[in-house]
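Taking it in order: structure first as structure tokens, then the write-up.
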Amino acid sequence: MKNIFALVDCNNFYVSCERVFAPAFENRPVVVLSNNDGCIISRSKEAKALGIKMGEPFFKCERTLKEHGVKVFSSNYALYGDISRRVIDTLRQFSPDIEIYSIDEAFLLLDGIDQGPDRGYAHLIRDTVKKWTGIPVSLGIAGTKTLAKIANERAKHDASLNGVLDITQMDGATIDELLRSTDIEDVWGIGFRWANFLRKHRIDTAYALKKADTSWVRRHMTVVGERTAMELNGISCLSLEKAPAPKKQIVSSRSFGKPVSTLTEMNEALSYYVTRASERLRREGSVASAVQVFITTGSFGKDAYFNMASGRLPAPSADTSSFIRISKALMEGIFRKGLSYKKCGVIISDITSAQGAETDLFAGNYRNSKKEDLSRAMDSINKKWERDTVSFASNGRERKWVMRRGFLSGRVTTRWDELPVVKA
Amino acid sequence: MFKPGDATQKKELPFYTDRISAGFPSPAEDHIEKKLDLNELVIKHPSASYFVKVTGDSMKNSGINDGDVLVVDKSLSAVDNDIVIAVLNGELTVKRVKRSRKDLFLVPENPEFEPIKITPEMDLIVWGVVTAVIHRLK
Chain X
430 MKNIFALVDC NNFYVSCERV FAPAFENRPV VVLSNNDGCI ISRSKEAKAL
480 GIKMGEPFFK CERTLKEHGV KVFSSNYALY GDISRRVIDT LRQFSPDIEI
530 YSIDEAFLLL DGIDQGPDRG YAHLIRDTVK KWTGIPVSLG IAGTKTLAKI
580 ANERAKHDAS LNGVLDITQM DGATIDELLR STDIEDVWGI GFRWANFLRK
630 HRIDTAYALK KADTSWVRRH MTVVGERTAM ELNGISCLSL EKAPAPKKQI
680 VSSRSFGKPV STLTEMNEAL SYYVTRASER LRREGSVASA VQVFITTGSF
730 GKDAYFNMAS GRLPAPSADT SSFIRISKAL MEGIFRKGLS YKKCGVIISD
780 ITSAQGAETD LFAGNYRNSK KEDLSRAMDS INKKWERDTV SFASNGRERK
830 WVMRRGFLSG RVTTRWDELP VVKA
Chain U
124 MFKPGDATQK KELPFYTDRI SAGFPSPAED HIEKKLDLNE LVIKHPSASY
174 FVKVTGDSMK NSGINDGDVL VVDKSLSAVD NDIVIAVLNG ELTVKRVKRS
224 RKDLFLVPEN PEFEPIKITP EMDLIVWGVV TAVIHRLK
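Top line first, the protein sequences correspond to chains X and U. All letters in the first sequence, in the order written, are residues 430 to 853 by the working numbering. All letters in the second sequence, in the order written, are residues 124 to 261 by the working numbering.
Right, dumping it as structure tokens:
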């Protein structure tokens with residue numbers, strides 16, 4: 430049976446989330462900044478038209494933004510996460526098979542679903558999401574995921590399509606035209622290094638890769654490249670993944686809002702990042718035994734310093750205090766006095782399922798269930814009240830190193846005391 | 124004279140699925156229901172439902188007071204006489220929609236306020252339909 434994949438992708442997702450509750454900014458230039466108000470990570474159509482680039486550092490374009498009256502928001506992940514959940518929940522009614530690909534993208538399987546005359550079903554999906562959540566989305570429909578992505582890109586940028594492009598209804602020549610106008614870098618699965626390689630061999634569009642000799646592709650590209658080429662030819666190799674694979678490693682790190690130069694402050698930040706990472710670990714039902722800590726001044730030249738240290742727990746664990754203890758010990762070894770640090774972080778790896786974890790016979794302390802019970806109790810208190818209601822003292826209270834977010838909107842869908850206000 | 128016990132002989136003991144407290148079983152055991160959840164009462168479409176807070180008095184005669192929380196359902200299409208959240212001049216406002224022949228009005232529920240006639244230039248957007256009011260007495 431032939432598959433029909435629909436890629437549903439939110440347009441300018443973070444900006445769109447902000448506009449739902451700040452409708453005055455509809456049709457106005459808006460941007461959203463990354464962590465620490467570092468760089469631009471989302472732009473409205475109007476902001477794009479002003480020439481503001483994706484990823485541009487905020488400090489560089491701050492004046493331009495002011496001159497053009499561009500509205501600036503800091504990233505409000507509490508809001509974006511909640512709206513994302515609502516978009517996905519709204520999509521669930523349209524297909525029993527849905528894969529959440531990212532915070533603003535999902536694949537739906539539309540096999541066996543009567544799509545109605547003029548592909549009305551796809552437009553119904555789009556209109557329903559817009560109505561229920563306020564988020565505009567684009568849909569690309571094709572026989573493979575890779576083609577659905579290409580169709581989605583075209584649907585997003587060609588206003589005459591009203592946000593939907595279904596290439597299963599197109600003839601071969603029209604599809605090939607679409608592939609000819611798609612640069613090789615824009616093909617899903619082809620990163621810029623592969624793109625450079627392929628361009629050297631005169632494969633510069635999706636069409637060229639589709640038509641490339643299959644044995645050449647098999648010889649020169651990895652399995653991923655071969656699959657991409659097959660998918661461009663309409664042969665579906667990537668199936669819908671309904672449950673995401675558990676993470677192989679968990680990284681927790683942020684640049685500091687203000688540079689850090691004392692070990693005390695460094696340990697506070699580290700402790701905080703370790704706490705967040707172990708929460709994620711527990712949420713997945715996993716345990717881990719490898720910990721790596723890193724630290725950097727972020728600069729170049731003679732005062733630049735970057736270092737990292739790794740360690741292992743005697744037995745796989747999901748307990749915050751064990752991770753904090755080992756991380757601090759590792760940090761002692763790499764922290765140098767007299768430097769101004771920009772960032773530190775922790776990487777937890779060697780992750781396995783909490784069921785059936787192996788232990789070291791001589792560790793004595795295997796899977797300290799009391800400590801894990803404490804961590805779990807903290808998780809449920811923090812879930813009920815507020816993240817960090819209860820935390821380890823080592824995380825610090827004053828936290829001068831916390832993320833700078835000067836343009837944050839309210840957590841309007843997740844906090845009773847920050848609800849949107851309506852005028853009567 | 125002692126003989127070793129016969130390990131092959133098994134004695135079965137009854138296994139209880141319920142914790143038995145002292146006394147006799149509750150007559151309500153077979154009728155236990157889950158607790159009442161306010162969400163079920165006021166929220167019909169969870170993914171499309173939002174809470175908003177009211178400031179102002181223009182709707183007080185409909186039971187919507189300053190400081191109340193409203194349940195807004197974005198999945199519903201507004202019909203005549205519904206109380207809605209509308210976007211007017213870029214702001215979220217709460218009013219009743221009323222259609223009279225060919226004119227559309229946003230009507231307050233307070234004699235001190237005037238109805239607003241909606242003209243095509245005003246580009247009115249209905250944000251959602253208000254389905255419930257939460258008014259705290261204490």
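Where a beta carbon is used, it is the ideal one built from N, C-alpha and C, also for glycine.
Flag this pair as yes or no: are the beta carbons of residue i and residue j separated by less than 7 Å?
{"i": "Gly740 (chain X)", "j": "Ile755 (chain X)", "result": "yes"}
{"i": "Asp613 (chain X)", "j": "Leu627 (chain X)", "result": "The question names Asp, yet the displayed sequence has Ile at residue 613 (chain X). A contact, by the Cβ cut-off of 7 Å."}
{"i": "Trp830 (chain X)", "j": "Val716 (chain X)", "result": "no"}
{"i": "Gly714 (chain X)", "j": "Ala783 (chain X)", "result": "yes"}
{"i": "Leu710 (chain X)", "j": "Ala738 (chain X)", "result": "no"}
{"i": "Thr651 (chain X)", "j": "Ala635 (chain X)", "result": "no"}
{"i": "Asn441 (chain X)", "j": "Ser471 (chain X)", "result": "yes"}
{"i": "Asp779 (chain X)", "j": "Ser567 (chain X)", "result": "no"}
{"i": "Ile527 (chain X)", "j": "Ala535 (chain X)", "result": "yes"}
{"i": "Ala476 (chain X)", "j": "Pro458 (chain X)", "result": "yes"}
{"i": "Lys639 (chain X)", "j": "Leu661 (chain X)", "result": "yes"}
{"i": "Ser804 (chain X)", "j": "Asp748 (chain X)", "result": "yes"}
{"i": "Phe454 (chain X)", "j": "Lys495 (chain X)", "result": "no"}
How would you label residue i, buried or exposed, when you count the other beta carbons within 10 angstroms and need 16 or more for buried?
{"i": "Val253 (chain U)", "result": "buried"}
{"i": "Gly654 (chain X)", "result": "buried"}
{"i": "Glu447 (chain X)", "result": "buried"}
{"i": "Ala792 (chain X)", "result": "In this prediction, Ala792 (chain X) scores a pLDDT of 47, lower than 50, which makes its location untrustworthy; no coordinate-derived value is stated."}
{"i": "Gly484 (chain X)", "result": "exposed"}
{"i": "Gly620 (chain X)", "result": "exposed"}
{"i": "Thr726 (chain X)", "result": "buried"}
{"i": "Trp617 (chain X)", "result": "buried"}
{"i": "Gly762 (chain X)", "result": "exposed"}
{"i": "Val190 (chain U)", "result": "In the sequence as displayed, the identity of residue 190 (chain U) is Gly instead of Val. With fewer than 16 Cβ atoms within 10 Å of its Cβ, Gly190 (chain U) is classed as exposed."}
{"i": "Trp250 (chain U)", "result": "buried"}
{"i": "Val775 (chain X)", "result": "buried"}
{"i": "Lys482 (chain X)", "result": "exposed"}
{"i": "Asn212 (chain U)", "result": "exposed"}
{"i": "Ile512 (chain X)", "result": "buried"}
{"i": "Ser665 (chain X)", "result": "buried"}
{"i": "Ile777 (chain X)", "result": "buried"}
{"i": "Val593 (chain X)", "result": "buried"}
{"i": "Gly545 (chain X)", "result": "exposed"}
{"i": "Phe147 (chain U)", "result": "exposed"}
{"i": "Ser149 (chain U)", "result": "exposed"}
{"i": "Trp561 (chain X)", "result": "buried"}
{"i": "Gly563 (chain X)", "result": "buried"}
{"i": "Lys687 (chain X)", "result": "exposed"}
{"i": "Thr643 (chain X)", "result": "exposed"}
Can you pull the chain U neighbours of residue i, defined as C-beta to C-beta under 9 Å?
{"i": "Ile453 (chain X)", "result": "Checking the displayed sequence, the identity of residue 453 (chain X) turns out to be Ala instead of Ile. Residues of chain U passing the Cβ test: Val210, Asn212, Gly213 and Glu214."}
Going by C-alpha to C-alpha distance, which of the options sits closest to residue i?
{"i": "Val392 (chain X)", "options": "X:Tyr702, X:Lys489, X:Pro565 and X:Leu520", "result": "In this structure chain X extends from 430 to 853, so residue 392 (chain X) is not present and cannot be described."}
{"i": "Glu235 (chain U)", "options": "U:Met182, U:Gly251 and U:Tyr173", "result": "U:Met182"}
{"i": "Ser684 (chain X)", "options": "X:Asn465, X:Thr519 and X:Thr575", "result": "X:Asn465"}
{"i": "Gly835 (chain X)", "options": "X:Cys468, X:Ala451 and X:Asn696", "result": "X:Cys468"}
{"i": "Ala853 (chain X)", "options": "U:Val194, U:Glu156 and U:Val217", "result": "U:Val217"}
{"i": "Lys197 (chain U)", "options": "U:Arg219, U:Asn204 and U:Pro169", "result": "U:Pro169"}
{"i": "Thr842 (chain X)", "options": "U:Ile155, U:Val175, U:His258 and U:Asn184", "result": "U:Val175"}
{"i": "Ala733 (chain X)", "options": "X:Ala507, X:Gly767, X:Glu455 and X:Asp540", "result": "X:Gly767"}
{"i": "Leu462 (chain X)", "options": "X:Ser503, X:Thr493 and X:Glu491", "result": "X:Ser503"}
{"i": "Glu232 (chain U)", "options": "U:Lys225, U:Lys221, U:Ile241 and U:Asp226", "result": "U:Lys221"}
{"i": "Tyr509 (chain X)", "options": "X:Ala706, X:Phe434, X:Thr643 and X:Asp533", "result": "X:Asp533"}
{"i": "Lys772 (chain X)", "options": "X:Leu539, X:Ser531 and X:Leu699", "result": "X:Leu699"}
So with CB distances below 8 Å, who are the chain U contacts of residue i?
{"i": "Asp518 (chain X)", "result": "Pro169 and Ser170"}
Since residue i meets chain U, which of its residues come closer than 7 Å, beta carbon to beta carbon?
{"i": "Thr842 (chain X)", "result": "Tyr173"}
Run down chain X in chain order and give the residues with a C-beta less than 9 Å from the C-beta of residue i.
{"i": "Ser223 (chain U)", "result": "By Cβ distance, chain X contributes nothing, its closest Cβ being about 22 Å from Ser223 (chain U), past 9 Å."}
{"i": "Met102 (chain U)", "result": "Shown here, chain U extends from 124 to 261; a query on residue 102 (chain U) therefore has no answer."}
{"i": "Val192 (chain U)", "result": "Trp845 and Leu848"}
{"i": "Val217 (chain U)", "result": "Val851, Lys852 and Ala853"}
Whose Cβ in chain X lies nearer than 7 Å to the Cβ of residue i?
{"i": "Ser198 (chain U)", "result": "Lys560 and Trp561"}
Name, please, each residue of chain X whose Cβ falls closer than 8 Å to the Cβ of residue i.
{"i": "Gly179 (chain U)", "result": "Lys852 and Ala853"}
{"i": "Lys176 (chain U)", "result": "Leu848, Pro849, Val850 and Val851"}
{"i": "Ala189 (chain U)", "result": "Residue identity check: residue 189 (chain U) is Asp in the sequence provided, not Ala. Ordered by position in chain X, the residues that pass the 8 Å Cβ test against Asp189 (chain U) are Ala853."}
Taking Cβ-Cβ distances shorter than 8 Å, what residues in chain B pair up with residue i?
{"i": "Arg515 (chain X)", "result": "Considering every chain present, this structure includes no chain B. Its protein chains are X and U."}
Counting only runs of 3+ residues fully inside the region 636–710 of chain X, write out the beta strand (DSSP E) ranges in chain order. 678–689
Let me know the beta strand (DSSP E) ranges lying completely inside the region 182–218 of chain U, each 3 residues or longer, listed in chain order. 192–196 and 206–211
Taking only runs that begin and end inside the region 510–567 of chain X, name each unbroken beta strand (DSSP E) of 3 or more residues, in chain order. 527–531 and 534–538
In chain order, what are the residue ranges of uninterrupted alpha helix (DSSP H) at least 4 long that sit wholly in the region 433–501 of chain X? 442–450, 474–478 and 487–496
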